[in-house]
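Undergrad: Protein chains in written order, with my numbering: chain A, 19 to 548; chain B, 2 to 358.
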Amino acid sequence: MSNPLVDMEKPDVIFCIGTNMTECHPVAATGLKKAVARGAKLIVADPRRIGLAELSHLYLPLRVGSDTALLLGMAHVIAREGLIDDDFIKDRTTGFDTFFEHISQWTPEWAETITGVPAKDIETAAILYGSADKGAIYYTLGITEHICGVENVQSLCNLALMTGNIGREGTGINPMRGQNNIQGAGDSGALPNNYPGFQAVTDPAYQAKFKTEYGREIDLEKGITKVTALELCGDSIHAMLIDGENTLISDPDREHCEHALRSLAHLVVIDIFLTETAELADVVLPATAWGETDGICTNTERRVQRLRAAVPPPGDAKPDWWIICQIAQRLGFTGFDFDTPKPIFNELCRVSPIYAGLDWDRIERGTTNILNNQWPVPYKEHPGTPRLHEETFVNGRGIFSNVHYRDPAETISEEFPVWLTTGRRLQSYHTQTQTGRAEGIDYLLPEESLEVNPVDLERWQLADGEWCKMSSARGSINIKVKVTDRSPRGTVFASFSFADVPVNLLTGSGYDPVTHTAELKVCPVRLEPL
Amino acid sequence: MTQKIEIDGVEVAFSEGETILEIAQRHQKEIPTLCYDPRLDPFGGCRLCIVELEGARNPVASCTTKATPGMVVRTSTDTIETYRQTLLEMVVGENREVDVSPLRGYAAGELADLRDRYGINSGGITGAISGASKAEDDNPFILRDYELCISCYRCVRVCAEQEGDHAINVMNRGFHTQITTEFDGLLKDSACTFCGQCIQTCPTGALADKKALRAVDEVSDTVPEKTRTICPYCGVGCSVDVLTQNEKIVGIHPAMDGPANQGALCVKGQFAYDFVQHPDRLKTPLVRGDDGELHETTWEDALDKAAEGFRKVNATHGRHSVYGVASGRAPSEAAYLMQKFIRVGFGTNYIDNCSRA
């Protein structure tokens with residue numbers, strides 16, 4: 019997030035797109051609800067009539083996968099109505115003139131033909147956001163889990179840059195991260211393109227730095243993403259070390275994924291449960307869980323925080339860092355002689371400019387009146403950075419992107435006439451390895467069901483509460499039908515949380531070519547009564 | 002120009018909009034409250050926070066009275082303390098019990114603490130119990146023990162003001178005031194999301210953490226220990242206190258000073274913690290045997306086999322045949338070492354985390 023969570027109460031106009039925040043980030047959503055109660059205007063764009071849509075002043079029910087078209091249409095109106103921030107564009111950005119020409123063709127009427135959202139509503143949304151003194155954008159995986167995830171994000175950046183809604187309180191471009199340390203995993207360098215602290219592996223300066231730091235030559239080119247690695251399993255990838263990911267259930271195209279993992283010569287899984295993925299491993303190493311492990315994590319607003327052990331682990335379970343050290347030591351790798359997590363975190367801080375002012379002891383003390391542990395924290399006395407881009411952008415100037423709309427990897431056809439979109443629910447989390455084992459959760463959410471619009475129910479001869487067969491180009495599953503107005507006509511929704519309703523047998527139509535993020539939000543399917 | 006008021010004979014500064022209670026608390030005045038939660042709009046319902054204000058005919062509620070320059074306030078006089086004593090006696094007298102388990106909720110002991118401070122004995126004012134408990138609500142999380150309710154409306158207000166859900170409301174008035182949901186039904190049929198904020202603000206334990214109370218039956222009756230950490234679920238990073246007794250997690254309290262959540266939690270963070278000590282947890286390393294099945298083994302054996310497999314694959318297929326996937330759920334030390342394992346060990350960038358799907 020460019021802005022801190024406390025800013026969520028402060029915008030005049032809030033634009034939420036592709037984020038089911040009241041279910042997926044409920045505590046963050048309370049900030050938006052307070053802003054709305056105070057009088058802020060809320061615009062919600064989502065294919066489904068989610069909880070946030072009910073709270074909104076303007077709801078834009080766009081077709082799944084049409085976000086870029088909607089955002090181009092909004093940019094067109096903002097420019098046409100003269101709602102651009104000339105000073106900000108002149109002082110802080112580059113490429114506006116070509117962008118201005120580029121968007122002149124993408125009228126709201128054109129956007130209506132792609133998105134299904136009435137042109138006048140696109141205009142209203144654009145004028146609302148464009149006129150705001152403080153306009154803030156919030157998004158989640160509904161923006162990124164598309165083959166055009168990068169264009170979607172760039173389109174949001176265009177809106178913020180042309181209106182100067184960045185670098186100030188109550189503004190910004192704010193992606194909500196989905197896991198308690200997914201930000202920290204990226205910060206720590208577990209990425210094929212970046213060393214720790216987002217230092218590009220292709221930059222000669224960082225190459226030299228890590229050659230010295232790690233005492234060996236490291237490839238000068240980027241590595242491959244996990245998506246590519248899974249495709250190459252058995253071909254050129256023959257061994258994997260997976261820490262705490264239930265790949266088989268969380269990743270798209272389960273059959274392909276299972277085949278990939280089975281074709282490995284050596285699979286080692288570190289986890290707290292014998293997950294569906296761990297069951298395929300050659301060696302399974304039991305890790306200590308949350309509540310048993312001391313360490314550091316980073317949240318969605320870049321806040322670095324302390325995790326503390328409260329109870330001892332069961333049996334012989336060991337911390338992940340200890341397990342990795344032990345394997346590394348047996349292979350003769352140097353730099354893995356750690357007895358506690360503290361020196362590991364301090365090493366991460368030492369090699370990462372964004373963490374340079376942090377260390378274990380500062381995180382242990384937590385947020386104080388003077389020191390806020392939101393990165394970048396470039397030196398010891400630095401107070402932390404709640405808000406990014408206040409004076410300048412990291413790369414100098416904000417760049418406008420002349421994006422084009424693209425259809426999803428697969429579009430509905432006679433054979434697969436219904437859009438399936440997937441996501442999460444309030445009461446369950448990811449592949450349910452945790453929430454499925456929490457007593458009481460099944461009272462609230464006993465099983466998975468497919469959310470179907472009442473009109474579609476008749477059209478596809480389905481019945482509420484009955485089972486149906488849902489098929490995509492990759493496979494089919496049986497799932498119970500639940501009739502609801504939350505789903506628009508022609509679009510159905512299910513979560514991927516329940517292993518007995520493996521929705522990821524169906525998904526996996528395509529990937530964003532840059533980020534390799536799967537298009538989990540769009541999958542044409544066919545529905546048949548059972 | 003600094004604005005000032007006088008509290009108990011001392012001149013103190015204040016900022017525009019501050020209430021007498023806020024200023025007094027800043028100066029360590031222990032004004033009793035029951036309906037006050039600093040996160041909520043002042044309500045002025047319990048009247049315990051009354052203070053004498055020079056020039057005013059009657060005492061005023063300090064939580065709802067904004068300071069104006071020159072005010073002269075007395076926070077504790079014989080008259081005020083007698084009022085407070087009587088009010089507390091009445092409140093205590095209409096409840097079934099006052100001494101409740103600290104596991105009921107974060108603020109559950111507030112009434113008992115005040116009773117002790119004011120030396121109220123339970124036989125003082127007795128009579129009917131106000132509030133009818135809703136035993137038929139079989140939800141697994143929130144106990145609705147309204148015989149302990151004092152109608153402070155903190156639950157109603159936290160649900161409306163903090164959560165924006167408006168699931169809880171008030172039925173009837175006066176002695177017959179009853180906290181309930183729309184149509185007096187079950188919580189699961191209301192707008193309730195089971196975030197647990199009502200049980201954490203309740204000052205008497207009338208709304209209570211059923212799950213924690215169930216857990217306590219299984220362990221001894223010692224006071225729970227608290228460990229500050231971060232919620233294991235989404236990326237918001239809410240601060241929580243894990244409650245433990247005899248090495249068992251028995252409940253979760255939201256951290257009121259958590260920088261990301263300021264006391265808020267959701268149903269997962271509040272109630273879905275018991276996966277940690279679930280019998281399904283892996284306790285022993287497993288290695289696949291010649292029979293194709295996974296078998297329990299020692300750490301030495303499992304780590305040797307784990308390392309040997311990477312050594313063999315590396316020797317046979319080269320360093321670009323090994324791949325590492327770090328977790329978004331483990332601490333950063335794990336992710337850092339995972340990328341270091343790949344980069345130091347194999348000299349590649351064949352490392353990723355689980356953020357792409």
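Built from N, CA and C at the ideal position, the CB exists for glycine as well.
Keep in mind the model is a prediction, meaning the values are calculated, not measured.
Could you please give me the residues that DSSP links to B/I379 through a beta bridge?
TA: Examination of residue 379 of chain B is not possible in this model, given that chain B is present from 2 through 358 alone.
Undergrad: What residue from A/F514, A/T181 and A/T295 has the CA that sits closest to A/L620's CA?
TA: The structure shown does not extend to residue 620 of chain A, since chain A is modelled only from 19 to 548, so the question has no answer here.
Undergrad: When the cut-off is 8 Å and only beta carbons count, does B/Y1 lie next to chain A?
TA: Lying outside 2 to 358, the shown extent of chain B, residue 1 of chain B is not represented and no answer is given.
Undergrad: Could you name each continuous beta strand (DSSP E) segment of 3 residues or more that falls completely within the region 466-546 of chain A, going from the start of the chain to the end?
TA: Counting only runs of at least 3 residues, the region 466-546 of chain A fully encloses the following beta strand (DSSP E) elements, listed from N- to C-terminal order: 467-470, 485-489, 494-501 and 509-513.
Undergrad: Using 8 Å as the limit for Cβ to Cβ distance, is A/K539 near chain B?
TA: Counted from its first residue, the first sequence places residue 539 of chain A at position 521. By this cut-off, A/K539 is not an interface position.
Undergrad: Between which two residues does the beta strand (DSSP E) containing B/K5 stretch?
TA: Start at 1 with the first residue of the second sequence, and residue 5 of chain B comes out as number 4. First-last of the beta strand (DSSP E) with B/K5: Q4 to I8.
Undergrad: Just the C-alpha distance for A/R368 and A/K360, rounded to the nearest angstrom, thanks.
TA: Taking the first residue of the first sequence as position 1, residue 368 of chain A is located at position 350. Taking the first residue of the first sequence as position 1, residue 360 of chain A is located at position 342. Cα-Cα distance, rounded: 12 Å.
Undergrad: DSSP on A/Q344, reduced to helix/strand/coil?
TA: Residue numbering aside, residue 344 of chain A sits at position 326 when the first sequence is read from its first letter. It is helical.
Undergrad: In chain A, what lies closer than 9 Å to B/K284 by C-beta?
TA: To locate residue 284 of chain B, count along the second sequence from 1; it is residue 283. Those within 9 Å of B/K284 in chain A are P304, P331, P332, G333, D334 and A335.
Undergrad: Of the residues A/D221, A/V470, A/C42 and A/Q344, which one's Cα is nearest the Cα of A/A481?
TA: Position 463 of the first sequence, counting from 1, holds the residue named residue 481 of chain A. If we check each option's Cα against that of A/A481, A/V470 comes out closest.
Undergrad: Determine whether the Cβ of B/H318 lies closer than 8 Å to any Cβ atom of chain A.
TA: Here residue 318 of chain B refers to the residue found at position 317 of the second sequence. Chain A, which has a Cβ nearer than 8 Å to the Cβ of B/H318, makes this yes.
Undergrad: Is it true that the CB of B/Y107 sits closer than 8 Å to the CB of B/H254?
TA: The sequence position of residue 254 of chain B within the second sequence is 253, counting from 1. The sequence position of residue 107 of chain B within the second sequence is 106, counting from 1. For B/H254 and B/Y107, yes; Cβs fall inside 8 Å.
Undergrad: Just to confirm before moving on: does the CB-CB distance between A/M180 and A/I107 stay below 8 Å?
TA: What you label residue 180 of chain A is simply residue 162 of the first sequence in a count that begins at 1. What you label residue 107 of chain A is simply residue 89 of the first sequence in a count that begins at 1. Result yes, Cβ atoms of A/M180 and A/I107 sit closer than 8 Å.
Undergrad: State the beta-bridge partners of B/H254 as determined by DSSP.
TA: As a first step, residue 254 of chain B must be located in the second sequence, where it is residue number 253. BP columns for B/H254 point to B/D242.
Undergrad: Going along the chain, which residues of the region 187-209 of chain B sit with their C-beta nearer than 8 Å to a C-beta in chain A?
TA: Contact annotation: in the region 187-209 of chain B, residues whose CB is within less than 8 Å of a CB in chain A are K189, T194, F195 and C196.
Undergrad: Assign A/P359 to one of three DSSP states: helix, strand, or coil.
TA: Translated into positions along the first sequence, residue 359 of chain A becomes position 341. Residue state, collapsed to three classes: helix.
Undergrad: Is it buried or exposed, A/T535, if we count other Cβ atoms within 10 angstroms and call 16 or more buried?
TA: Your numbering for residue 535 of chain A matches position 517 in the first sequence. Looking at its Cβ environment, which holds 16 or more other Cβ atoms inside 10 Å, A/T535 is buried.
Undergrad: What span of residues does the alpha helix (DSSP H) with A/P44 cover, start to end?
TA: Within the first sequence, numbered from 1, the residue matching residue 44 of chain A stands at position 26. For A/P44, the enclosing alpha helix (DSSP H) covers residues P44 to R56.
Undergrad: What is the DSSP secondary structure of B/M91, reduced to helix, strand or coil?
TA: Here the question's residue 91 of chain B lines up with position 90 in the second sequence. The answer is helix: DSSP assigns B/M91 an H, G or I state.
Undergrad: In angstroms with no decimal places, state the Cα-to-Cα distance between A/I96 and B/S134.
TA: As a working mapping, residue 96 of chain A is identified with position 78 in the first sequence. As a working mapping, residue 134 of chain B is identified with position 133 in the second sequence. Cα to Cα, A/I96 sits roughly 56 Å from B/S134.
Undergrad: From B/F311 to A/M19, what distance separates their C-alpha atoms?
TA: For this step, residue 311 of chain B is matched to residue 310 along the second sequence. For this step, residue 19 of chain A is matched to residue 1 along the first sequence. In a straight line, the C-alpha of B/F311 is about 38 Å away from that of A/M19.
Undergrad: Roughly how many angstroms lie between the CA atoms of B/D292 and A/T293, to the nearest whole one?
TA: Counted from its first residue, the second sequence places residue 292 of chain B at position 291. Counted from its first residue, the first sequence places residue 293 of chain A at position 275. Using only the alpha carbons, I get a separation of about 20 Å.
Undergrad: Using C-beta distances below 7 Å, list every residue in its chain close to A/V301, excluding the 5 sequence neighbours before and after it, in chain order.
TA: On the first sequence, residue 301 of chain A is found 283 positions in, with the first residue counted as 1. V286.
Undergrad: So does the region 265-281 of chain A actually touch the region 518-534 of chain A, counting three or more Cβ pairs closer than 8 Å?
TA: Touching, yes, given that three or more Cβ pairs across the two stretches are closer than 8 Å.
Undergrad: Where do the ends of the beta strand (DSSP E) carrying B/F15 lie?
TA: The sequence position of residue 15 of chain B within the second sequence is 14, counting from 1. Segment V11 to F15, the beta strand (DSSP E) holding B/F15.
Undergrad: Distance, Cα to Cα, B/R145 vs B/W300?
TA: Within the second sequence, numbered from 1, the residue matching residue 145 of chain B stands at position 144. Within the second sequence, numbered from 1, the residue matching residue 300 of chain B stands at position 299. If you take the alpha carbons of B/R145 and B/W300, they lie about 48 Å apart.
Undergrad: From what residue to what residue does the beta strand (DSSP E) around A/E130 run?
TA: Working through the first sequence from its first residue, we reach residue 130 of chain A at position 112. It is not in any beta strand (DSSP E) - A/E130 instead sits in the alpha helix (DSSP H) that spans P126 to T133.
Undergrad: Spell out whether any CB of chain A is found under 8 Å from the CB atom of B/R155.
TA: As a first step, residue 155 of chain B is located in the second sequence; it is residue number 154 there, counting from the start. Answer no: the Cβ-Cβ gap between B/R155 and chain A never drops below 8 Å.
Undergrad: Taking 8 Å as the threshold (beta carbon to beta carbon), is B/M339 in contact with chain A?
TA: If you number the second sequence from 1, residue 339 of chain B lands on position 338. B/M339 counts as touching chain A.
Undergrad: May I ask you to report which of helix, strand or coil DSSP gives B/K313?
TA: Residue 313 of chain B sits at position 312 when you count from the first residue of the second sequence. Helix at B/K313.
Undergrad: Going by DSSP, name the residue or residues bridged to B/R145.
TA: Numbered from 1 along the second sequence, position 144 holds the residue referred to as residue 145 of chain B. In DSSP, B/R145 forms a bridge with B/L208.
Undergrad: Just to check my reading of the structure: A/A46 and A/L23 have Cβ atoms closer than 8 Å, yes? What is that Cβ distance to the nearest angstrom?
TA: Residue 46 of chain A sits at position 28 when you count from the first residue of the first sequence. Residue 23 of chain A sits at position 5 when you count from the first residue of the first sequence. Confirmed, Cβ separation roughly 6 Å.
Undergrad: If you check the beta carbons only, do A/L177 and A/I161 fall under 8 Å apart?
TA: Mapped onto the first sequence, residue 177 of chain A falls at position 159. Mapped onto the first sequence, residue 161 of chain A falls at position 143. Contact flag unset, no.
Undergrad: What are the boundary residues of the beta strand (DSSP E) that A/E432 is part of?
TA: For the purposes of this step, residue 432 of chain A is taken as the residue at position 414 of the first sequence. That residue, A/E432, is in no beta strand (DSSP E); it is neither H nor E in DSSP.
Undergrad: Using a beta-carbon distance cut-off of less than 7 Å, what residues from the region 510-523 of chain A approach chain B?
TA: none
Undergrad: Of all the residues that make up the region 26-46 of chain A, which are near chain B by a beta-carbon distance shorter than 7 Å?
TA: Listed by position, the residues of the region 26-46 of chain A near chain B (Cβ gap below 7 Å) are C42, H43, P44, V45 and A46.
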